[in-house]
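Here is the structure we will look at.
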Amino acid sequence: MIYVFATVSFLALLLFFLVNNQKRSKVKLLANLKKNWGKAKEDTVDIVQLGWYSPVKKLGDFHQLTAQTLSDIDFFQLFVHINHTSSKIGEQFLFNKLQNPTDNLDELKKLDQQAVFFSENPALREEVQLELNRLESRDAYSVSLLLKDELIEKPKWFRYIILDILALVACILISFKFPIAFLVAIFIVAYNVTYLNYWNKRHILSFTRSLIQLDILIKVAQKLSKKNLPFDQKPIKGAAVFKKIQRKIRLLFVQTNPTGTADISQIPIYLFEILKAIFLVDLFTIFGLIRSIEKNQQQVSLIFEYIGGIDMAISVASLRAGAEKVCKPFFVAPGERFSIKDAVHPLVQGCVPNSLDVSEKGILIMGSNMSGKTTFLRALAINSLLAQTIYTCYAENYSAPFLRLFSSIRIDDDIFEGKSYYLQEVNVMKELIDNATSGYLNIFLIDEIFKGTNTSERISSAKAILSYLKNSGNLVFVSTHDVELSGLLGEEFDLYHFTETILNDQMNFDHRLKKGSLKTRNAIKILAMSGYPNQIIKEASQLAEDFNNNNPVNIPK
0 MIYVFATVSF LALLLFFLVN NQKRSKVKLL ANLKKNWGKA KEDTVDIVQL GWYSPVKKLG
60 DFHQLTAQTL SDIDFFQLFV HINHTSSKIG EQFLFNKLQN PTDNLDELKK LDQQAVFFSE
120 NPALREEVQL ELNRLESRDA YSVSLLLKDE LIEKPKWFRY IILDILALVA CILISFKFPI
180 AFLVAIFIVA YNVTYLNYWN KRHILSFTRS LIQLDILIKV AQKLSKKNLP FDQKPIKGAA
240 VFKKIQRKIR LLFVQTNPTG TADISQIPIY LFEILKAIFL VDLFTIFGLI RSIEKNQQQV
300 SLIFEYIGGI DMAISVASLR AGAEKVCKPF FVAPGERFSI KDAVHPLVQG CVPNSLDVSE
360 KGILIMGSNM SGKTTFLRAL AINSLLAQTI YTCYAENYSA PFLRLFSSIR IDDDIFEGKS
420 YYLQEVNVMK ELIDNATSGY LNIFLIDEIF KGTNTSERIS SAKAILSYLK NSGNLVFVST
480 HDVELSGLLG EEFDLYHFTE TILNDQMNFD HRLKKGSLKT RNAIKILAMS GYPNQIIKEA
540 SQLAEDFNNN NPVNIPK
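Residues 0 to 556 in numbering that gives the first Met the number 0 are what the sequence shown lists, from first letter to last.
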């Protein structure tokens with residue numbers, strides 16, 4: 000009797016310990032959620048795995064950022080700053096959304112309402128985040144791999160596997176009368192366990208993490224669907240389909256002792272695994288499971304989007320809570336004014352805010368090196384993108400039509416393909432030109448057009464291209480050092496500039512955008528401040544003065 004009491008007491012204490020440990024883990028996780036609200040995630044993200052997700056169906060996509068624009072705006076660093084998600088599913092969903100700005104105002108307003116909902120219901124939000132955290136393992140990235148067109152193809156010999164099993168069963172049944180059949184059965188068992196089962200394990204290894212995480216995804220979605228959240232519950236209505244998929248997943252991955260140590264309670268599980276290997280249960284199950292997923296791929300995609308959408312809305316709410324100044328965009332009809340007030344670049348610490356109001360003309364921005372031209376162009380690009388993806392801008396006000404975003408800011412020569420800097424510029428500008436008359440309203444942001452070629456041809460080509468882009472009905476923002484362009488484009492572009500002051504051989508920038516043409520230049524001054532010989536400074540200054548006097552706006556010969 001005392002042994003029974005001791006056993007019961009031990010089990011009760013063990014149960015108490017496990018439950019208490021689980022509660023403490025939950026309390027700790029909840030404390031971290033509260034502490035990190037309004038902050039970007041600090042853990043590293045894998046850009047390759049983030050890119051695994053792509054929606055099964057793309058209906059009426061408005062725009063997808065080009066590789067050039069992704070590079071120009073430092074998209075990956077921007078994503079890390081924007082990412083406040085709680086799951087890897089949410090990360091992939093947000094990563095994809097940020098690359099695909101939309102012109103669907105209803106979709107954007109719905110996201111805004113969902114983000115506001117989570118901001119106003121912190122207790123419910125934290126419950127949801129606790130559930131989403133179950134998908135925080137890096138293995139959860141691999142769920143998106145199940146959304147590919149064709150997952151795995153059956154080998155040609157698969158149709159004969161049923162004969163293998165029938166022969167094995169027959170040999171076992173008749174072995175009592177014909178002992179030789181027992182030897183045949185042993186041969187079949189050895190073949191099944193060592194070859195066919197090994198082949199199966201090797202080929203489904205890539206699906207192991209995906210399928211286990213899919214099971215968790217379904218559980219989380221079903222749990223969240225029972226909460227009163229402002230999200231469409233239709234994706235969860237295929238419960239019968241998901242139950243069938245989950246049963247097969249759990250049959251494939253029967254849980255053994257995770258520590259790997261010997262445990263008598265695991266013996267039945269090991270025996271079951273041996274039987275599965277002998278009768279090729281996993282081989283039949285995996286192909287049946289893959290076919291079920293392929294057949295219901297759209298439903299799996301919807302449940303992925305359901306969880307990703309919830310996590311993205313919470314991320315937007317957290318981003319807004321932690322930002323010093325953000326606003327919701329206001330969208331106007333095509334042809335109406337583009338206006339942005341006190342815009343900043345979210346990745347630039349202490350960025351000076353700048354404003355711009357654009358009517359019918361393009362914008363030509365001049366300025367010294369390091370004065371802020373390129374940062375301002377990037378700030379415009381990023382705010383345009385965020386307005387049409389997460390309905391949030393880093394500005395006091397943002398008002399614009401729906402725009403497709405294209406840029407040419409960071410150009411590199413490609414030594415591997417043997418392309419020169421100028422040829423790379425030509426290719427990038429050709430892409431902008433091809434989209435100028437696409438029927439959509441575009442915003443083109445260009446930094447130092449054609450700086451990879453000589454002065455006369457650069458200015459001539461730049462003038463022709465910029466006029467073409469602008470006269471095709473697009474918004475065009477250009478930064479340049481070429482004063483000559485201000486004279487050539489004065490009828491089509493409004494002039495703005497950034498400037499600096501030099502005091503006690505120190506260059507000071509206020510990074511403020513100012514209207515009008517640039518009156519000063521600093522390139523030779525920087526040479527002087529850097530200790531270049533007076534002979535060089537004197538000759539350079541004289542040549543610059545002669546050039547300015549003789550060619551105020553004309554293209555150099």
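Here a beta-carbon is modelled for each residue, glycine too, at the ideal position from N, C-alpha and C. Being a predicted model, the structure only gives us computed values, none of them experimental.
(request) Please say whether R377 and I72 have beta carbons closer to each other than 7 Å? (result) One-based indexing of the sequence shown puts residue 72 at position 73. One-based indexing of the sequence shown puts residue 377 at position 378. Yes, the pair counts as a contact, with Cβ atoms nearer than the cut-off.
(request) Keeping to the same chain, check which residues put their C-beta closer than 6 Å to that of T260; ignore five residues upstream and five downstream. (result) Taking the sequence shown and counting its residues from 1, one reaches residue 260 at position 261. Since pLDDT at T260 reaches only 43, below the 50 mark, its modelled position is unreliable, and the value read off the structure follows with that caveat. Once the five neighbours on either side are set aside, T260 has no close Cβ partner at all.
(request) Measure the C-alpha to C-alpha separation of H62 and A435 and round it to an integer number of angstroms. (result) On the sequence shown, position 63 is the one that residue 62 refers to. On the sequence shown, position 436 is the one that residue 435 refers to. Each residue's alpha carbon lies about 14 Å from the other.
(request) Consult DSSP for G37 and reduce its assignment to one of helix, strand or coil. (result) In the sequence shown, counting from the first residue as 1, residue 37 sits at position 38. Correct three-state label for G37: coil.
(request) Could you tell me whether the Cβ atoms of Q113 and P229 are closer together than 7 Å? (result) Translated into the one-based positions of the sequence shown, residue 113 becomes position 114. Translated into the one-based positions of the sequence shown, residue 229 becomes position 230. Yes, Cβ-Cβ distance for Q113 and P229 is below 7 Å.
(message) Measuring straight from C-alpha to C-alpha, what distance separates D102 and L385?
(response) One-based indexing of the sequence shown puts residue 102 at position 103. One-based indexing of the sequence shown puts residue 385 at position 386. Using only the alpha carbons, I get a separation of about 12 Å.
(request) Kindly indicate which three-state DSSP category V477 falls into: helix, strand or coil? (result) Indexing the sequence shown from 1 puts residue 477 at position 478. Of the three classes helix, strand and coil, the one that applies to V477 here is strand, per DSSP.
(message) Would G308 and I88 be called neighbours here (beta carbons separated by less than 7 Å)?
(response) As a working note, residue 308 is residue 309 in the sequence shown. As a working note, residue 88 is residue 89 in the sequence shown. Cβ distance not < 7 Å, so G308 and I88 don't count as in contact.
(request) Check M506 in the structure and name its three-state DSSP category. (result) Along the sequence shown, one-based indexing puts residue 506 at 507. Strand.
(request) Could you round the C-beta distance between I289 and L150 to whole angstroms and report it? I think they count as a contact, below 8 Å. (result) Start at 1 with the first residue of the sequence shown, and residue 289 comes out as number 290. Start at 1 with the first residue of the sequence shown, and residue 150 comes out as number 151. Confirmed, Cβ separation roughly 5 Å.
(message) Determine, for E491, whether the minimum Cβ-Cβ distance to residues of chain E falls below 7 Å.
(response) Protein chains in the displayed structure number just one, and chain E is not present.
(request) May I ask you to check if the CB of D481 is nearer than 6 Å to at least one heavy atom of the ligand PLP? (result) In the structure shown, the ligand PLP is absent, as is every other ligand, since no ligand is present at all.
(message) I'd like to check one pair, I171 with A184: are the Cβ atoms closer than 7 Å?
(response) As a first step, residue 184 is located in the sequence shown; it is residue number 185 there, counting from the start. As a first step, residue 171 is located in the sequence shown; it is residue number 172 there, counting from the start. For A184 and I171, yes; Cβs fall inside 7 Å.
(request) State the CB to CB distance for the pair A104 and F330, rounded to an integer number of angstroms; the pair is presumed to be in contact (CB under 8 Å). (result) Position 105 of the sequence shown, counting from 1, holds the residue named residue 104. Position 331 of the sequence shown, counting from 1, holds the residue named residue 330. Looking at the sequence itself, residue 104 is Leu, so the reference to Ala does not match. Contact holds; Cβ gap of about 6 Å.
(message) In the DSSP output, which residue or residues are listed as bridge partners for I339?
(response) Counting from one through the sequence shown, the residue named residue 339 turns up at place 340. Bridge partners of I339: L355, Y397.
(request) Take H496 as the anchor and find which of N453, L526, L363 has the nearest alpha-carbon. (result) For the purposes of this step, residue 496 is identified with residue 497 of the sequence shown, where counting begins at 1. Per the Cα distances, L363.
(message) For E456 and F117, I'd like the C-alpha separation in whole angstroms.
(response) Walking along the sequence shown from the start, residue 456 turns up at place 457. Walking along the sequence shown from the start, residue 117 turns up at place 118. Those two C-alpha atoms are separated by around 56 Å.
(request) Determine the DSSP secondary structure at S307, reduced to helix, strand or coil. (result) As a working mapping, residue 307 is identified with position 308 in the sequence shown. According to the sequence displayed, residue 307 carries Gly and not Ser. G307 falls in the helix class under three-state DSSP.
(request) Could you give the DSSP three-state label for C170: helix, strand or coil? (result) Position 171 of the sequence shown, counting from 1, holds the residue named residue 170. Reduced to three states, the DSSP call for C170 is helix.
(request) List the DSSP bridge partners of T570. (result) As displayed, the chain neither begins before 0 nor continues past 556, which places residue 570 out of reach and without an answer.
(request) Compute the Euclidean distance between the alpha carbons of L279 and N196, then round it to the nearest angstrom. (result) If you number the sequence shown from 1, residue 279 lands on position 280. If you number the sequence shown from 1, residue 196 lands on position 197. Those two C-alpha atoms are separated by around 7 Å.
(message) Looking at the strands, I want to know which residues DSSP matches up with I289.
(response) Walking along the sequence shown from the start, residue 289 turns up at place 290. DSSP output for I289 lists no bridge partner at all.
(message) Determine whether the beta carbon atoms of S370 and F508 lie at a separation below 7 Å.
(response) Counting from one through the sequence shown, the residue named residue 370 turns up at place 371. Counting from one through the sequence shown, the residue named residue 508 turns up at place 509. For S370 and F508, yes; Cβs fall inside 7 Å.
(request) Quickly, what does DSSP pair R403 with across the bridge? List them, please. (result) One-based indexing of the sequence shown puts residue 403 at position 404. Beta-bridge pairing links R403 to N441.
(request) Could you have a look at G349 and say whether DSSP puts it in helix, strand or coil? (result) Taking the first residue of the sequence shown as position 1, residue 349 is located at position 350. G349 falls in the coil class under three-state DSSP.
(request) Under 7 Å Cβ to Cβ from W36, same chain only, skipping five residues before and after it: list those, please. (result) On the sequence shown, position 37 is the one that residue 36 refers to. For W36, where only same-chain residues beyond five positions count, the Cβ hits under 7 Å are S317, A320.
(message) So N382 and A342 are supposed to be a Cβ contact under 8 Å. How far apart are they, rounded?
(response) To locate residue 382, count along the sequence shown from 1; it is residue 383. To locate residue 342, count along the sequence shown from 1; it is residue 343. Between A342 and N382 the Cβ distance is about 6 Å, and since that is below 8 Å, they are a contact.
(request) Report buried or exposed for E483, applying the criterion of at least 16 other Cβ atoms within 10 angstroms of its Cβ. (result) For the purposes of this step, residue 483 is taken as residue 484 along the sequence shown, with counting starting at 1. Result: buried.
(request) Give me the Cα-Cα distance between N256 and P267, rounded to the nearest whole angstrom. (result) Counting from 1 along the sequence shown, the entry for residue 256 is found at position 257. Counting from 1 along the sequence shown, the entry for residue 267 is found at position 268. Residue confidence is low: N256 scores 40 on pLDDT, short of 50, so the model does not pin down where it sits. Its coordinate-derived value is still stated next. Taking the straight line from one Cα to the other gives about 12 Å.
(request) Can you have a look at P234 and say buried or exposed, based on whether 16 or more other CB atoms are within 10 angstroms of its CB? (result) One-based indexing of the sequence shown puts residue 234 at position 235. So P234 ends up on the buried side.
(message) Given a cut-off of 7 Å on the beta-carbon distance, is the pair L404 and I442 in contact?
(response) As a first step, residue 404 must be located in the sequence shown, where it is residue number 405. As a first step, residue 442 must be located in the sequence shown, where it is residue number 443. Result yes, Cβ atoms of L404 and I442 sit closer than 7 Å.
(request) Could you tell me the boundaries of the alpha helix (DSSP H) in which L468 lies? (result) In the sequence shown, residue 468 corresponds to position 469, counting from 1. Counting along the chain, the alpha helix (DSSP H) containing L468 begins and ends at 454-470.
(message) Can you tell me whether M369 is helix, strand or coil according to DSSP?
(response) The sequence position of residue 369 within the sequence shown is 370, counting from 1. Three-state result, M369: coil.
(message) Please tell me whether L440 and L402 are closer than 7 Å, where the distance is taken between their beta carbons.
(response) As a first step, residue 440 must be located in the sequence shown, where it is residue number 441. As a first step, residue 402 must be located in the sequence shown, where it is residue number 403. Taking 7 Å as the Cβ cut-off, L440 and L402 qualify as a contacting pair.
(message) Count Cβ pairs between the segment 299-306 and the segment 81-101 that sit closer than 8 Å; are there 3 or more?
(response) yes
(message) Rounded to whole angstroms, what is the Cα-Cα separation between P54 and Q98?
(response) On the sequence shown, residue 54 is found 55 positions in, with the first residue counted as 1. On the sequence shown, residue 98 is found 99 positions in, with the first residue counted as 1. Their backbone Cα atoms lie some 13 Å apart in a straight line.
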